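In full-length UniProt numbering, the protein residues as written are 1 to 455.
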C-alpha cells in the first residue's frame, strides 16, 4: 500500500497540521482499512461503501490525482468490479426464474384484462379531462428522467474509471519507487477483467498482455501472479474464439504452477536440515503466520486439473468449430453450384459467412428451351449447286417441286421424291388414254347400230 494518510499529513510542509486535517486523514485511513477487510471476507456492498468514503476523504484532502489516493482508487475499483459481477449473476438468475413464471403471469394478466375492460368505459371521461394536465407533468418528468439517466454510471464503467486513475497515479511514481511498477501490472490485470465482463475481449487481451510484459520482467519465473495472468489471458482468447492462443496461455499457466510446486518441494527438503533458530526466523519473517509450503502445494495441485480441463475443452471446441466450418463450406459450394442461397435460419452457414441452398431455388426453377443454342450444319457450296440443278430440271419438265425435302444433315432427298411423282404421273396418263380409246370405240359402235335400227 502507498503512503497512509497519517504519514502524509506528518510529512506536509506545515509545522502543525490542523485538527480538521488530522480528522480527515484518520477517517480516510479507517474507511480504507474497513473496506479492505470487507473485500477480503466477501462483503462487497460494505467494501464499496467504505472505500468510496475513503476515496472521498483523500480526494478532498490531497487532490484527486495525489499519490495518497492511488491505493484507495485501486481497491475501490476492485470492489466495484466484484459488485458488477454480483449484479450480472443476480440478473442472470432472475431471468432464468422469469422464464418459468411466464405462464402463471399470462393467466393473471388474462383475469386482470377482463376486470380492466369493465372499468375502462367508466374512466374514459375522467381520463379525457385530466389528459392535458398529465401531459404537462409527463413532459417535465421525462426531462428529469433523461437528466438522471445521463448522470447514472454503471458500476463496471465506474470501476474502469477508478482503475485508470490508479494506473496514472502509480505510473507517476515508478521512477521514485520501483515497487510501483508491480502495482501498475496489477491494475492492468483488473482492467483486463473489466474488459472480459464488458465483453470487450480485444481490449481485455491487450491489458492482460501489458500486465504479463511487466510481470515477466520483474517477477520470478515461478511466481503465482504469472500463472494467474496466463490463465486470464487464455480465458480472453477462448471468448474471442482464438482457441490456439488460448491453449498456449493455459499451458503456460500449467508450466508456471509445475515449476512452483517443484521449487516448493525443494524448499521443504532444505528445511529438514535447518536448525530451530533458522525455522523460527523464517516463521517470523512470513507475512502470513498460517502459511506453509505444503499447504500451498496442496492448493496448487487442486488448481492444475481445472486448467488442464480447460485445455481439453479448447481442443474439442477447436475440432467442433473446424467440422462446422467444413460442412458450411461444402454446403456453400453446392449452393453456388446450383445457384441457391443460404436461408437466414442456417446458423452454421451464417457463422461461417457462406450461403446455403434453398428449396425455393428448385420450386421456382422453370424449364427453358435451348434450341437457340444448337447451331444447324450449313451446306457446302457444292451441295447447294447440285440442289439448284435438280430444281431447274424439274421446272423445265413441268413437274412440281413442292415435295422436295431437305434433311437435317444438309443432304437433299429430292431425287427420290421426283422419281416417285413422275412414275405416278405416267400411270395416270396411260389410264386416261385407255379410257378415252374405250369411249371412242363405244361411241362408234353405237352410231353404227342406230341406222340399222331405223331401217
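Quick reminder that beta carbons are idealized off the backbone N, C-alpha and C, glycines included.
A quick note: this is a predicted structure, and the numbers were derived from the prediction, not measured.
Across the set 52, 38, 294 and 179, the C-alpha of 52 shows the shortest separation from the C-alpha of residue 28. When 198, 237, 183 and 191 are compared, the shortest CA-CA separation from residue 215 is found for 183. The beta-carbon distance between residue 189 and residue 80, rounded to whole angstroms, is 15 Å. This is too long to meet the 8 Å contact definition. Along the length of the UniProt domain "Tetratricopeptide SHNi-TPR" (185 to 221), whole alpha helix (DSSP H) runs at least 4 residues long occupy 201 to 218, reported in chain order. When rounded, the separation of the alpha-carbon atoms in residue 67 and residue 177 is 12 Å. With distances taken between CA atoms, residue 49 lies nearest to 35 out of 219, 261, 225 and 35. Residue 290 sits in coil when the DSSP states are folded into three classes, being neither helix nor strand. Residue 169 and residue 326 have their C-alpha atoms spaced approximately 51 Å apart. Residue 180 is not a Cβ neighbour of residue 77, given a cutoff of 7 Å.
A Cβ-Cβ distance of about 14 Å is found for the pair residue 57 and residue 75, leaving them out of contact under the 8 Å criterion.
Around the Cβ of residue 278, a 10 Å sphere holds fewer than 16 other Cβ atoms; the residue is exposed.
When the Cα atoms are used, residue 324 and residue 241 turn out to be separated by approximately 14 Å. Looking from the CA of residue 309, the closest CA among 335, 254, 294 and 332 belongs to 254.
Here the alpha carbons of residue 337 and residue 331 stand approximately 10 Å from one another.
Collapsing the DSSP output to three states places residue 46 in a helix. If you draw a straight line from the Cα of residue 19 to the Cα of residue 60, it is about 15 Å long. If you look at residue 225, you'll find it in the alpha helix (DSSP H) that goes 224 to 239. Using a Cβ-Cβ distance cut-off of 8 Å, the stretch 201 to 213 and the stretch 224 to 241 are in contact, since at least three pairs of beta carbons, one from each stretch, lie closer than that value. In this structure residue 293 touches residue 264 by the C-beta definition: roughly 5 Å separates them, less than 8 Å. In the structure shown, residue 90 adopts helical secondary structure according to DSSP, grouped into three states.
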